[in-house]
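Everything below concerns the one structure shown next.
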Amino acid sequence: MNRQKHEPIKYTPSPTSKRYMNFIRDFLVVTAFTLYFYRYILNMAMPINSPPTLLSNYFLLPLFVMVGAYYAIPLFSISKTSIALTGILTLLMVYYGVTILWSPATTYAIRKSYLVSIRIPILVLFSVLVIVRDKYRTRLFYLITLGVSLIITVILSHIYISNGEILSSDFVNYYITVNRVLGIGAVLSVFLGLRYEKLRFRVLAGIVLLLNLFFMTQTGGRGPLIATIVAILAYFGWITILRRDKSEYLVRFSTALGGGCLFLSIIIIELGGRTISRLTRLANGPGNSVMGRINMAEASVNLFAQKPIFGHGAGAFQMLYVDPFQYPHNIFLEFLVESGIIGLLLFITYIVYILLIIVRYGRKDVIYSGIILSLFIFFLLNAFVSADIPGNDGLFIYSITALSLVESK
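Heads up: the sequence shown begins at 1 in UniProt numbering, then just goes up one per residue.
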């Protein structure tokens, strides 16, 4: 008798199984990428024994390089727009890193040069190769960011309910960082309510928005609060201008949101808060904080006049300015002083390119393109008044998601 040879049965995953595995893979990758930006604020909220800096610099960055290559190699195709925008930003960052050659050799300058010329390009390239290639990954990036903000909101709620005010030294000492995270959550909560029309999402969006705005009035950070309000107004303005079919849901959600904000305003006026107090004090004069920034702006213009083409080099402001400030608290002035007119023009080119992409490709889905514009405005306004270039890395990472309007099918 002839024996039949039984070939081994090959397992072929079903389309549903493939989609599930792809989702798990993307979720883990995007979560790790998102948490990278908020590792310090989360470490303040939930302390861990191992230093987050060591974990991020010596493990996560190389991992992002490998994962980015894994996603890119099987289907390497990228639009000319993405190549151009990524090229402009990479050129800016690498040129800024080169300026360390004529900068005062301080520890801050060396560290800053590394963060700008190596770390930011790696993160941007990862975002271009992985995040923005698919709109659902970009939305996942936004929603996980909202989740991070929600963690901070819950912790602040617990502190406020227990003590009647925010007493934690971590949140008081780092109020600008806290307010930025709350502001991002407030902006993204509007996107959540507009994009997902189920009642539970609308309720969650409204609660997060109102709580975040309330806590932003209590912590003391004026810049992020103003940036958040402007960004949300720009979001609704963008939708109002471009969306001709004003759906009943959009009108109802906007009305409910406006009513909630009005009610919150009444509560804030009654309770007050550190941020409100600092804002009202501006009526009596600019104050030390504003005057300090005005003085740094004047000094930056004078320093630029000394070396207008190539600038004084990465981190040079710290050594050249008379007062103990490491940077001028304005990203435009920072590029101007430390990388000259070359660096500033490259940065402005990048900003204009982002806006052109949003205007050109964002008309088909105004809710989605609106959140990209809103986040871009939020980070840009914050970069006008606080942090240095590495501290404003979110401006580059979140603005580069505008390429999802081009890359995503």
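Just so it is clear, CB atoms sit at the ideal spot from N, CA and C, and this is done for glycine as well. It should be emphasised that the depicted structure is a prediction, and the values quoted were computed from it without experimental measurement.
Collapsing the DSSP output to three states places Arg-133 in coil. Under the three-state reduction of DSSP, Tyr-327 is assigned to coil, being neither helix nor strand. If you compare the alpha carbons of Asp-393, Thr-145 and Thr-240 with that of Leu-35, the shortest gap goes to Thr-145.
Contact check between the segment 117-130 and the segment 379-398: three or more CB pairs, one atom from each, fall below 8 Å, which counts as touching. Of the candidates Val-30, Ile-358 and Ser-386, Ile-358 places its Cα closest to the Cα of Leu-242.
If the five residues before and after Leu-92 are omitted, its C-beta is found closer than 7 Å to the C-beta atoms of Gly-343, Leu-346, Phe-347 and Tyr-350, all from its own chain and listed in chain order. The alpha-carbon of His-158 is positioned some 36 Å away from that of Met-291. Comparing alpha carbon positions, the residue from Asn-179, Thr-138 and Phe-310 closest to Gly-97 is Phe-310.
Rounded to whole angstroms, the Cβ separation of Phe-215 and Leu-150 is 12 Å, and the two are not in contact under 8 Å. Of the candidates Leu-204, Leu-405, Gln-218 and Ala-205, Leu-405 places its Cα closest to the Cα of Arg-360. In this structure, DSSP gives Val-322 a state outside helix and strand, which the three-state scheme calls coil. Shortest Cα-Cα distance from Gly-68 to any of Val-385, Leu-85 and Phe-33 involves Phe-33. Our two residues, Gly-259 and Gly-206, have alpha carbons roughly 11 Å apart in a direct line. For a cut-off of 8 Å, the C-beta gap from Pro-390 to Lys-112 is around 6 Å, short enough to register as a contact. For Ser-339, the closest C-alpha among the options Asp-26, Ala-109 and Thr-86 is that of Ala-109. Secondary structure note for Val-116: it is in no alpha helix (DSSP H), with a DSSP letter that is neither H nor E.
If you ignore the 5 residues before and after Leu-209, its C-beta comes within less than 6 Å of the C-beta of Ala-186 and Ser-189, all in its own chain and listed in chain order.
For the options Arg-133, Thr-86 and Arg-293, the alpha carbon positioned closest to that of Pro-324 is the one of Arg-293. In the structure shown, Glu-197 falls within a coil segment according to DSSP collapsed to helix, strand and coil. In the structure shown, Ile-78 falls within a coil segment according to DSSP collapsed to helix, strand and coil. In this structure, Asn-392 and Ala-383 form a Cβ contact; the two beta carbons are roughly 4 Å apart against a cut-off of 8 Å. Secondary structure note for Gly-394: its alpha helix (DSSP H) is the uninterrupted segment 393-399.
Secondary structure at Ala-105: coil, using DSSP grouped into helix, strand and coil. Tyr-327 sits close to Asp-388, with the two beta carbons spaced by under 9 Å. Closest in alpha carbon position to Val-116, among Ile-331, Ala-231 and Gly-193, is Ile-331.
In this structure, the beta-carbon distance from Arg-195 to Ile-367 falls below 9 Å. Taking 8 Å as the upper bound for CB-CB distance, Val-337 and Ala-305 are not in contact here, some 10 Å apart.
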